[in-house]
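Peer 1: Quick note: the sequence shown, position 40, residue 122 per our numbering, numbers continuous.
Quick reminder that beta carbons are idealized off the backbone N, C-alpha and C, glycines included.
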Amino acid sequence: MEKFDSMLSPVIDSTLGQRCRSIIGYQFSEIVRSLMSVYFCGGSCVEDVTSQLMRHLSYHPTLRTCSSDTILRAIKELTQENIS
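#1: When you compare each of Thr97, Arg146, Leu139 and Met136 to Glu112 by their alpha carbons, which one comes out closest?
#2: Alpha carbon to alpha carbon, what distance is there between Val93 and Cys148?
#3: Could you check the C-alpha separation between Met118 and Gly107 for me, to the nearest Å?
#4: Given a cut-off of 8 Å, decide if Glu163 and Ser150 are closer than it, judged by their beta-carbon atoms.
#5: Buried or exposed: which applies to Ile153, given that a residue is buried once 16 or more other Cβ atoms fall within 10 Å of its Cβ?
#6: Taking Lys85 as the reference, which of Phe110, Arg115, Cys123 and Thr132 has the closest Cα?
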């Protein structure tokens, strides 16, 4: 996760922009990291982050893991209408 934070987080946030200005909200890099954690830990759907992984990932001292609702809401924010 430290490599993700140092190498991918800045790229994701600079490309997609800042999602929220407050420290309470989640940035796109944190949402992508939470989504990746689901599949890297053997989950099969986004909801597994809330039902299975949240209690385990919360032990990490600096990792902010968002709920499945937040992940799905962010994906919806990034969708665009088909232009072709």
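Peer 2: If we stick to the structure as given:
#1: Arg146
#2: 19 Å
#3: 19 Å
#4: no
#5: buried
#6: Arg115
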